[in-house]
Amino acid sequence: HLITEFMPNGLGATKKPESLPPGYTLEAFLEAFRKSFKRVSLVPADIPSTHSPRIIVHCESPRP
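If you're matching positions, the sequence shown starts at 4 in this note's numbering and goes up one per residue.
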């Protein structure tokens, strides 16, 4: 198992910055983990509004 987080506004930003690196998307993040894990899913989490937004990702069953 692996638990990680994707921060859609970049590291520590509460508001979305004007520019992020090309390809910095949730789908690209998930696709990278799908290459190494059989199951990749999003985990519902309550993130306080004063914190930067984040999406929790759970990866299971490493691929051989």
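Built from N, CA and C at the ideal position, the CB exists for glycine as well.
In this text, all values refer to a predicted model and were calculated from it rather than measured experimentally.
1) Between the Cα of residue 67 and the Cα atoms of 45, 57, 16, 39, which residue gives the shortest distance?
2) With residue 8 as the anchor, note down where its beta strand (DSSP E) starts and where it stops.
3) Could you round the C-beta distance between residue 8 and residue 60 to whole angstroms and report it? I think they count as a contact, below 8 angstroms.
4) Over the uninterrupted beta strand (DSSP E) stretch that includes residue 63, give me the two end residues.
5) Cβ of residue 16 within 8 angstroms of Cβ of residue 55?
Walking through what the data contain:
1) Comparing Cα positions, the closest option is 39.
2) Its beta strand (DSSP E) spans residues 5-9.
3) 7 angstroms
4) 58-65 is the span of the beta strand (DSSP E), which, as asked, contains residue 63.
5) yes
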